[in-house]
Amino acid sequence: MTWSFVPTIVDNWSQYYSNHRAVSVLIRFLHIAALVSAAGPALAMDQRVLLAALRGSRSQEETLVALRHIHKRIVICLFIVAATGVLMTTADLATFLTSRLYWAKMTLVAFLITNGALIISAEHRVARVGVAAGWGRLAIVSGLSALLWLTILYLGVWLTAAA
Ligand code: HEM
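Its first residue numbered 4, the sequence shown is counted upward by one per residue in the working numbering.
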């Protein structure tokens with residue numbers, strides 16, 4: 004299979020994106036709307052897990068139940084963030100692919116996704132070994148998660164200012 008059609012599609016998309024302000028605004032809006040919908044509950048849950056570590060086992064049990072219901076929503080919203088991010092990237096490949104800031108952000112996005120998988124695995128472990136033995140690991144990955152979300156947010160704003 005030949006991929007020679009890809010540069011043409013990217014070129015056409017780039018021109019379409021820069022000539023249609025309504026489209027570029029809509030995509031940026033979707034990037035930010037999905038971001039708020041993913042990062043908001045994720046940060047609130049990270050904070051709840053950390054506070055539950057101080058409050059003890061009853062709060063930890065309640066937090067565990069809430070945690071189980073939140074992953075699907077975050078994954079769907081993060082998928083929209085990534086899809087709109089890819090559309091913005093392909094609209095200006097020359098700028099973004101040569102930007103260190105862009106690659107720093109993408110590296111942290113990869114860490115965020117990996118850390119998300121670690122949160123789910125730590126949550127399953129708590130269900131197996133109990134809150135007393137398993138909460139420490141869950142609290143560490145939740146703290147890391149909050150740090151990653153906020154750092155990527157900062158790099159995203161910086162990237163737009165630099166583009
Ligand atoms: C695969 C994932 C992602 C890709 C490919 C991506 C790509 C991009 C690109 C190319 C821009 C610059 C748009 C422009 O200057 O015209 C941007 C903006 C931005 N990104 Fe992302 N991004 C991704 C994920 C994220 C995540 C996870 C966050 C936050 C935690 C985030 C936060 C932001 C913010 C705040 C902006 C500035 C939006 C604005 O002011 O219009 N991005 N993103």
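A virtual CB, placed ideally from N, CA and C, is assigned to each residue, including glycine. Keep in mind that this is a model prediction, so the values were computed, not measured.
Query: contact_flag[the segment 130-144, the segment 98-116] where n(CB pairs < 8 Å) is 3 or more; Result: no
Query: Local conformation of Asp95 per DSSP, three classes; Result: coil
Query: Thr163, enclosing alpha helix (DSSP H) - first and last residue; Result: 134-165
Query: Option in Leu111, Ala166, Ala165, Glu126 with minimal Cα separation from Trp152; Result: Leu111
Query: Exposure label - Asp49; buried when at least 16 CB within 10 Å; Result: buried
Query: Cβ-heavy atom distance, Leu38 to ligand 1, below 8 Å; Result: yes
Query: Chain-order list of residues whose beta-carbon lies under 7 Å from that of Ile30 (same chain, five-residue window excluded); Result: Thr87, Leu90, Met91
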